[in-house]
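Below is one structure; the comments refer to it alone.
Residue numbers (my numbering), protein chains in the order written: chain A, 1 to 392; chain B, 393 to 677.
Listed below in structure tokens is the structure:
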């Protein structure tokens, strides 16, 4: 027994992270490029007394994990774009009813069937706003294989702590890439237990501080005999049509995330202190971005790097702080500017009054960024334009 | 324990229209549970969306009012996680056979230990009277203003073909029969289906001029025949009638028991998963 040192895939590291977090239950439907997670769960879960089921579709998969979570189990599914689209209605159910679940979305290029084995980061906005209504959600984006372990583990911790669905938003390159990683002995890690009530008498399943309080969750089958509904409900869990109760509920569940942004947000950075040009990126794009930033630094460009490990809630503080030095912020992502929209919201668009120019470096051809493309963007400012091949 | 003790009495009266058959069917479920003396703390009742699915809010168990069509899929997660619990699904004809049809047949195929009560009023009542996959051909609905041109499912035959191990059909008129069928369904170790024909005087009845609540029950009575009676009648007397009673009972491995057996087998082979992390095959689709 001990730490695991191994050449492994992101999808494998993700599964091991889930097991370390205490995964009891997996339900899923095969879809590239996430299928290895299902395969590995089918093999590993029975060994630890857990359950795996291959459901008839992705809607059934998320329904089954919500059911399992209601019995007190830690439950997860994994999917990719088309399956993630199908799950959206019940992401909202999990949000409103405050039932912890973890969904791994290994992104592939879309829309529609797209190119199943090719990478993309096009689900950033869907992960935030895919279901209807104002709802809380947390989205984490691993940037390497080790982080697939770390962030999947963290996804369970955050999901249990705040009773919200947590999305691990990987991409095909991160999921399939193999790296040598060193993981701690999963048994040395002590995952947090869900906070449960201790007495069924007078149990009010949704009683909590209106300012983002998290109610205690009783497992089914333990004598609490409570009611769960996707209708707006009162503190007792029963349907309500009172506008005031509805307002309090929707604001409370959203406040759970909004008031804990500092606890949730995580990022990695390099050379931000004096950077005049900063590349903001995440996931596999960030690997190319970091390489480009380092090359530019070596050549004397005051370039910096910011990699978002939390996409939602959006890391506003660290992005806003870029304005202290940065003249340009390049957002490198494999979509047409989904994170860039948020960066523009925080920093202003330059041309329309903000003092920082935000540049969208998007890519949707199913290929990973070459570092050269990002390097070229860094070097394409007015002073050095023409030094490298232009790329916009 | 008295029948009413299984209800959250403070949540009554219910929302159903006067003359609706859903109350009789909910009552039949509770009476079957009472007859079996099930522990209230070990029963979970799951529903979807629609008139039928509001039943769970009135029942004093752990209850789960899910999304449209998904009750059986949620119930699958609960049953697989806690096979010791008695898991019951209350659903309607639209919820179960249209939007939830896929989960229904796959739960039957797995023979997972869930008892599914389908409250079939042959119409979408909650949305005020659109035709469902169980609306008889020719009948009127708000989306079938010239008469329904589609054919309805025979839900019980569908359940049997898909692998359910206990299947029966009762009605809101034949309450003692329905109680009996639900009791047997609850005792079956596998996927059980009781279709309970319910009356919707408000939408199906009014649109089709069937009459008031009592006439609606008569209408149900007149078109059904007990399967035992039908067996000894000449075919012309049975033609066009809906069979009620116990329609199927068989034995097959129950899914969660099979999975538990698998866990036992696997755990004997591995006492630890650490270091057993295997290579993942590359594939695509």
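Think of the CB as a built atom: it goes at the ideal place given N, C-alpha and C, for glycine as much as any other residue. Note that the structure is a prediction, hence the values are computed from the model and not measured.
Handout entry: Rounded separation between residue 253 of chain A and residue 96 of chain A - CA only
Key = As a first step, residue 253 of chain A is located in the first chain; it is residue number 253 there, counting from the start. As a first step, residue 96 of chain A is located in the first chain; it is residue number 96 there, counting from the start. Between residue 253 of chain A and residue 96 of chain A, the C-alpha separation is close to 7 Å.
Practice task
Would you identify the three-state DSSP class for residue 408 of chain B, choosing helix, strand or coil?
Solution key: If you number the second chain from 1, residue 408 of chain B lands on position 16. In the structure shown, residue 408 of chain B sits in coil (DSSP, three-state: anything other than H, G, I, E or B).
Problem - Within 8 Å of chain B by C-beta, residues of the segment 3-30 of chain A in sequence order - result: 4, 6, 8, 9, 11, 12, 16, 19, 24, 25, 27 and 30
Problem - Residues of its chain near residue 608 of chain B, where Cβ-Cβ distance is below 6 Å and the 5 sequence neighbours each way are ignored - result: In the second chain, counting from the first residue as 1, residue 608 of chain B sits at position 216. Closer than 6 Å at Cβ, skipping near neighbours: 591, 593, 597 and 602.
Handout entry: Sufficient close CB pairs (3 or more, under 8 Å) joining the segment 48-65 of chain A to the segment 185-198 of chain A
Key = no
Practice task
Kindly indicate if chain B contains any beta-carbon less than 9 Å away from that of residue 312 of chain A.
Solution key: Translated into the one-based positions of the first chain, residue 312 of chain A becomes position 312. It does not; no Cβ of chain B falls within 9 Å.
Handout entry: Chain-ordered neighbours of residue 150 of chain A on chain B, where CB pairs are closer than 7 Å
Key = Taking the first chain and counting its residues from 1, the one referred to as residue 150 of chain A is at position 150. None at all; the shortest Cβ gap to chain B is about 16 Å.
Handout entry: Span separating the alpha-carbon of residue 175 of chain A from that of residue 38 of chain A
Key = Numbered from 1 along the first chain, position 175 holds the residue referred to as residue 175 of chain A. Numbered from 1 along the first chain, position 38 holds the residue referred to as residue 38 of chain A. Residue 38 of chain A has its alpha-carbon roughly 13 Å from the corresponding atom of residue 175 of chain A.
Exercise for the section: Assuming residue 170 of chain A contacts residue 465 of chain B (C-beta within less than 8 Å), just tell me the rounded distance between them. Expected result: Walking along the first chain from the start, residue 170 of chain A turns up at place 170. Walking along the second chain from the start, residue 465 of chain B turns up at place 73. Rounded, the Cβ-Cβ distance is 25 Å, inconsistent with contact.
Practice task
Would you identify the three-state DSSP class for residue 128 of chain A, choosing helix, strand or coil?
Solution key: Your numbering for residue 128 of chain A matches position 128 in the first chain. In this structure, residue 128 of chain A counts as helix in the three-state DSSP scheme.
Exercise for the section: Check the C-beta distance from residue 142 of chain A over to residue 10 of chain A and give it rounded, since I have them as a contact under 8 Å. Expected result: As a working note, residue 142 of chain A is residue 142 in the first chain. As a working note, residue 10 of chain A is residue 10 in the first chain. The Cβ separation is near 7 Å, so the contact holds.
Exercise for the section: Report the option in A:303, A:339 and A:331 whose CA atom is closest to the CA atom of residue 127 of chain A. Expected result: Working through the first chain from its first residue, we reach residue 127 of chain A at position 127. Among A:303, A:339 and A:331, the Cα nearest to that of residue 127 of chain A is on A:339.
Problem - Of the residues A:235, A:177 and A:249, the one placed nearest residue 211 of chain A, counting alpha carbons only - result: Within the first chain, the letter at position 211 stands for residue 211 of chain A. With distances taken between Cα atoms, residue 211 of chain A lies closest to A:249.
Practice task
Might you give, ordered along the chain, the residues of its own chain that have their beta carbon closer than 7 Å to the beta carbon of residue 132 of chain A, omitting 5 neighbours on each side?
Solution key: Along the first chain, one-based indexing puts residue 132 of chain A at 132. Here residue 132 of chain A has 92 as same chain residues with Cβ atoms under 7 Å from its own Cβ, once five neighbours each way along the sequence are excluded.
Handout entry: Limits of the alpha helix (DSSP H) - the one that residue 532 of chain B falls within
Key = For the purposes of this step, residue 532 of chain B is taken as the residue at position 140 of the second chain. Neither: residue 532 of chain B is in no alpha helix (DSSP H) and is coded neither H nor E.
Practice task
Ignore the nearest five residues each way along the sequence and tell me which others in residue 155 of chain A's own chain have a CB closer than 7 Å to its CB.
Solution key: Position 155 of the first chain, counting from 1, holds the residue named residue 155 of chain A. Excluding positions up to five away in sequence, the list reads 102, 140, 166 and 168.
Problem - Cα-Cα separation between residue 223 of chain A and residue 439 of chain B, rounded to whole angstroms - result: Here residue 223 of chain A refers to the residue found at position 223 of the first chain. Here residue 439 of chain B refers to the residue found at position 47 of the second chain. Taking the straight line joining both Cα atoms gives about 19 Å.
Practice task
Please look up how many angstroms separate the CB atoms of residue 277 of chain A and residue 330 of chain A, rounded, as I've assumed it's under 8 Å.
Solution key: For this step, residue 277 of chain A is matched to residue 277 along the first chain. For this step, residue 330 of chain A is matched to residue 330 along the first chain. Going by Cβ atoms, the distance from residue 277 of chain A to residue 330 of chain A rounds to 7 Å, so yes, they are a contact pair.
Practice task
Please state whether DSSP places residue 473 of chain B in a helix, a strand or coil.
Solution key: Position 81 of the second chain, counting from 1, holds the residue named residue 473 of chain B. Helix at residue 473 of chain B.
Handout entry: Per-residue DSSP class, three states only, for residue 7 of chain A
Key = For the purposes of this step, residue 7 of chain A is taken as residue 7 along the first chain, with counting starting at 1. DSSP places residue 7 of chain A in strand when its eight states are reduced to three.
Exercise for the section: Measuring alpha carbon to alpha carbon, tell me which of A:334, A:218, A:271 and A:262 ends up nearest residue 282 of chain A. Expected result: Residue 282 of chain A sits at position 282 when you count from the first residue of the first chain. Residue 282 of chain A has its Cα closest to that of A:334, out of A:334, A:218, A:271 and A:262.
Practice task
Compute the Euclidean distance between the alpha carbons of residue 342 of chain A and residue 314 of chain A, then round it to the nearest angstrom.
Solution key: Reading the first chain from its first residue, position 342 is the one you call residue 342 of chain A. Reading the first chain from its first residue, position 314 is the one you call residue 314 of chain A. If I take the Cα positions, the gap works out to 8 Å.
Problem - N-terminal and C-terminal residue of the beta strand (DSSP E) that residue 310 of chain A is part of - result: As a working note, residue 310 of chain A is residue 310 in the first chain. Unbroken beta strand (DSSP E) run through residue 310 of chain A: 310-312.
Exercise for the section: Return no unless some Cβ of chain B is closer than 9 Å to the Cβ of residue 232 of chain A. Expected result: What you label residue 232 of chain A is simply residue 232 of the first chain in a count that begins at 1. Not an interface residue.
Exercise for the section: Closer than 8 Å by C-beta to residue 238 of chain A: which residues in its own chain qualify, once you throw out the five before and the five after it? Chain order, please. Expected result: By one-based count along the first chain, residue 238 of chain A stands at place 238. Only 227 and 229 meet the Cβ criterion.
Handout entry: Spatial neighbours of residue 491 of chain B in its chain, beta-carbon cut-off 7 Å, leaving aside the 5 residues before and after
Key = Residue mapping note: residue 491 of chain B aligns to position 99 of the second chain, counting from 1. Answer for residue 491 of chain B: 460 and 461, listed in chain order.
Exercise for the section: State yes or no: is the beta carbon of residue 203 of chain A nearer than 9 Å to at least one beta carbon in chain B? Expected result: Here residue 203 of chain A is taken as the residue at index 203 of the first chain, counted from 1. So, not an interface residue.
Exercise for the section: Might you give, ordered along the chain, the residues of its own chain that have their beta carbon closer than 7 Å to the beta carbon of residue 358 of chain A, omitting 5 neighbours on each side? Expected result: If you number the first chain from 1, residue 358 of chain A lands on position 358. Same-chain partners within the cutoff: 329, 331, 340, 343, 344, 347, 349 and 350.
Exercise for the section: Give the secondary structure of residue 482 of chain B by DSSP, where H, G and I count as helix, E and B as strand, and everything else as coil. Expected result: For the purposes of this step, residue 482 of chain B is taken as residue 90 along the second chain, with counting starting at 1. Here residue 482 of chain B sits in strand by DSSP.
Exercise for the section: Could you tell me whether the Cβ of residue 135 of chain A comes closer than 9 Å to any Cβ of chain B? Expected result: In the first chain, counting from the first residue as 1, residue 135 of chain A sits at position 135. No, residue 135 of chain A lies away from the interface with chain B (no Cβ there is under 9 Å from its Cβ).
Exercise for the section: Taking the CB atoms as reference points, tell me whether residue 415 of chain B and residue 516 of chain B lie closer together than 9 Å. Expected result: In the second chain, counting from the first residue as 1, residue 415 of chain B sits at position 23. In the second chain, counting from the first residue as 1, residue 516 of chain B sits at position 124. Result no, Cβ atoms of residue 415 of chain B and residue 516 of chain B do not sit closer than 9 Å.
Practice task
Determine, using beta carbons only, whether residue 567 of chain B and residue 419 of chain B come nearer to each other than 9 Å.
Solution key: Start at 1 with the first residue of the second chain, and residue 567 of chain B comes out as number 175. Start at 1 with the first residue of the second chain, and residue 419 of chain B comes out as number 27. By the CB criterion at 9 Å, residue 567 of chain B and residue 419 of chain B fall inside the cutoff.
Exercise for the section: Count the CB pairs spanning the segment 575-587 of chain B and the segment 493-507 of chain B that are closer than 8 Å, and state whether there are at least three. Expected result: yes
Exercise for the section: For my contact list, residue 207 of chain A and residue 215 of chain A are in at a C-beta cut-off of 8 Å; report their separation, rounded to the angstrom. Expected result: Position 207 of the first chain, counted from the start, is the residue given in the question as residue 207 of chain A. Position 215 of the first chain, counted from the start, is the residue given in the question as residue 215 of chain A. Contact holds; Cβ gap of about 6 Å.
Problem - Cutoff 9 Å: residue 391 of chain A Cβ touching any chain B Cβ - result: Counting from one through the first chain, the residue named residue 391 of chain A turns up at place 391. Only weak support is given to the placement of residue 391 of chain A: the predicted model assigns it a pLDDT of 39, under 50, and the value that follows is read from those uncertain coordinates. Not closer than 9 Å to any Cβ of chain B, the Cβ of residue 391 of chain A fails to qualify, so no.
Handout entry: Beta-carbon gap between residue 48 of chain A and residue 78 of chain A smaller than 9 Å
Key = Here the question's residue 48 of chain A lines up with position 48 in the first chain. Here the question's residue 78 of chain A lines up with position 78 in the first chain. Not in contact: residue 48 of chain A and residue 78 of chain A (Cβ atoms no closer than 9 Å).
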